[in-house]
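Per our numbering, the sequence shown starts with residue 26, numbered consecutively.
Backbone N, C-alpha and C fix where the C-beta goes; we use that ideal spot for every residue, glycine too.
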Amino acid sequence: MEKTKVAIIGLGTVGTGVAKLLLDHGDRTARHAGRIPWLEKIVVRDLSKTRDVEIPEGVLTDNLEDVIQDPEITVVAQLIGGIEPARSIMLQLLEAGKDIITANKALLAVYGPELFDKARQLKRCIAFEASVAGGIPIITNIGQCLTANQITSLRGILNGTCNFIITEMQNSGAAFSDVLKEAQRLGYAEADPTLDVNGADTAQKLSILSQLAFGVRGNWEDIPCKGINDLNIADIRYADRLGYRIKLLAIAKLVDNEVEMSVSPTLISKGTPLAEVQDVFNAIRVRGDTVGPVFYHGQGAGQMPTASAVVADIIDTVVGRSQITFNNLELWSERNRPRSMADAGQSINRYYLRMQVVDQPGVMAEITGILGNNGVSIASIIQHKSENKDSSATVPLVIMSHETMQSAIDKSVDQFKDSKSIESKAVVLKVI
Ligand code: NAP
Ligand code: HSE
Numbered sequence: 026m027e028k029t030k031v032a033i034i035g036l037g038t039v040g041t042g043v044a045k046l047l048l049d050h051g052d053r054t055a056r057h058a059g060r061i062p063w064l065e066k067i068v069v070r071d072l073s074k075t076r077d078v079e080i081p082e083g084v085l086t087d088n089l090e091d092v093i094q095d096p097e098i099t100v101v102a103q104l105i106g107g108i109e110p111a112r113s114i115m116l117q118l119l120e121a122g123k124d125i126i127t128a129n130k131a132l133l134a135v136y137g138p139e140l141f142d143k144a145r146q147l148k149r150c151i152a153f154e155a156s157v158a159g160g161i162p163i164i165t166n167i168g169q170c171l172t173a174n175q176i177t178s179l180r181g182i183l184n185g186t187c188n189f190i191i192t193e194m195q196n197s198g199a200a201f202s203d204v205l206k207e208a209q210r211l212g213y214a215e216a217d218p219t220l221d222v223n224g225a226d227t228a229q230k231l232s233i234l235s236q237l238a239f240g241v242r243g244n245w246e247d248i249p250c251k252g253i254n255d256l257n258i259a260d261i262r263y264a265d266r267l268g269y270r271i272k273l274l275a276i277a278k279l280v281d282n283e284v285e286m287s288v289s290p291t292l293i294s295k296g297t298p299l300a301e302v303q304d305v306f307n308a309i310r311v312r313g314d315t316v317g318p319v320f321y322h323g324q325g326a327g328q329m330p331t332a333s334a335v336v337a338d339i340i341d342t343v344v345g346r347s348q349i350t351f352n353n354l355e356l357w358s359e360r361n362r363p364r365s366m367a368d369a370g371q372s373i374n375r376y377y378l379r380m381q382v383v384d385q386p387g388v389m390a391e392i393t394g395i396l397g398n399n400g401v402s403i404a405s406i407i408q409h410k411s412e413n414k415d416s417s418a419t420v421p422l423v424i425m426s427h428e429t430m431q432s433a434i435d436k437s438v439d440q441f442k443d444s445k446s447i448e449s450k451a452v453v454l455k456v457i
């Protein structure tokens, strides 16, 4: 069988998984590719580091030029994270005539337009299935399988680390920081885990999916984004009592030819598929105008699920399928009829509010008055009586609203600040 020589740049969590699949399952990859995707080189920073995969002699190098200068290496999996040197390496690889596979969503969310233009100009391709939702083939599904549709909405749990943390906090009451450490040990978290927990990783993934589904151009940093860093176990417990689970949810939906986008911890009704997504699993519900709703579920982070997506892209590139898709998608190009992001303040949702209030007459009237004056209609209220006889004792107050405009909620929360009866800033979460 003929060979196509392949290289990997970066031998961390994902790179190691890809090397294992190419080295240990060559028969499988060759059968699907019709030729052997031959692992010729792996570029690392530190040759002396112990690796979790047995590498044949002569494959490991710390010199990128061993790949750049070898014209027989035509397919390269670029598996280092962050912006630099990942961006410069991608540009060098394209200039050297290589087709590229990447899992780096942080890079694509910012430099997608530059890298994709460069690839088109040089008649090369970039495949990026692993950049969103790990092992779930969501890029292929939106980019190829659902193309008879106009996608009208996307709702996704797109960060494995966050879902793992929320699940553990809910099920075992474990502390946030302990679970985050475990997610890092398991290889789920980014090199800088702040990007996971502050929602940035989810927003970067949402910006890639929204480019694919709606042609949204824009900065991922403009997506209204709230992470789980200050998610309180009390809210997980109240949500549970009210019949909901909290998930870090990415939403994009088409409204009057603009796209409303957000990332935030959200209450989702128990029993619905998104609410039941556990541990490191991700899920995406896509609605198309032809197909209706479609649901995807699988492991969103971790070595082998992510390697599964990267190796499928390697096979597609060796076969020549990625090049055809890449050219036809015209991602981040003018032909893709760019749409803009809608004003988040106009977004209509139900909301959960929790605040710590003084347990005295008139307090409830004051709070409901503020909400009422801003046009927020209340669906239900929970308030426990205080065990403390002290008149300054505070109690938690939980309010669920009917559908209302986000700007009305923002205005109310702003006015709560002037109230002497409300002890701390209100927690505000969307409800679906
Ligand atoms: P990682 O474990 O930190 O591995 C990154 C690797 O890149 C490290 O081995 C690092 O070398 C190497 N590296 C950094 N700079 C280099 C350079 N200049 N030349 C050669 N090698 C260099 O990261 P990862 O988890 O595998 O993630 C890789 C990419 O996949 C990231 O973009 C990440 O966002 C994405 N991703 C990760 C997952 C996941 O579950 N982990 C899932 C989907 C996508 P050292 O070993 O010397 O530090
Ligand atoms: N850190 C990411 C996550 C890796 O936890 O989802 C997968 O992109």
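Candidates the options, of which the one nearest residue i by Cα
i	options	result
residue 122	149, 203 and 171	149
residue 276	296, 239 and 385	239
residue 84	63, 99, 96 and 94	63
residue 19	352, 118, 438 and 354	Not covered by the structure: residue 19. The range shown for the chain is 26 to 457.
residue 257	422, 37, 113 and 452	452
residue 29	339, 194 and 71	339
residue 266	98, 93, 68 and 424	424
residue 406	165, 389 and 117	389
residue 398	335, 143 and 436	436
residue 250	207, 287 and 243	287
residue 31	38, 48, 37 and 39	48
residue 378	441, 367 and 317	441
Residue i, enclosing alpha helix (DSSP H) - first and last residue
i	result
residue 41	38-49
residue 391	388-398
residue 141	130-146
residue 173	Note, residue 173: premise wrong, no alpha helix (DSSP H); not H, not E.
residue 228	225-239
residue 214	From DSSP, residue 214 is part of no alpha helix (DSSP H); its letter is neither H nor E.
residue 333	328-344
First and last residue of the uninterrupted beta strand (DSSP E) at residue i
i	result
residue 294	283-294
residue 65	61-68
residue 425	419-426
residue 271	269-280
residue 34	28-34
Cross-strand partners of residue i (DSSP beta bridge)
i	result
residue 124	100
residue 321	309
residue 187	Partner(s): none; residue 187 has no beta bridge.
residue 250	288
residue 408	422
residue 456	292 and 375
residue 366	284
residue 180	276 and 310
residue 152	126
residue 381	421
Cβ-based burial, residue i [other Cβ within 10 Å; buried from 16]
i	result
residue 200	exposed
residue 260	buried
residue 210	exposed
residue 146	exposed
residue 59	exposed
residue 224	buried
residue 455	buried
residue 66	buried
Quiz item: If you pair each beta-carbon of the stretch 174-189 with each one of the stretch 302-322, do three or more pairs fall below 8 Å?
Solution: yes
Self-check item: the stretch 265-279 contacting the stretch 176-185, beta-carbon criterion three pairs below 8 Å
Solution: The stretch 265-279 vs the stretch 176-185: in contact.
Quiz item: Quick check: the stretch 325-334 against the stretch 34-53, are there 3 or more CB pairs under 8 Å?
Solution: yes
Quiz item: Is the stretch 370-386 touching the stretch 430-439 in the sense that three or more CB pairs, one from each, lie closer than 8 Å?
Solution: Yes, since at least three Cβ pairs between the stretch 430-439 and the stretch 370-386 fall closer than 8 Å, the two stretches touch.
Quiz prompt | Sufficient close CB pairs (3 or more, under 8 Å) joining the stretch 286-303 to the stretch 140-154 | solution = no
Quiz prompt | Given 8 Å, three or more beta-carbon pairs between the stretch 347-356 and the stretch 208-221 | solution = Flag = no, the stretch 347-356 and the stretch 208-221 do not touch.
Quiz item: Hey, is the stretch 130-139 in contact with the stretch 230-247, meaning 3+ C-beta pairs nearer than 8 Å?
Solution: Contact between the stretch 130-139 and the stretch 230-247 is present, because at least three Cβ pairs lie under 8 Å.
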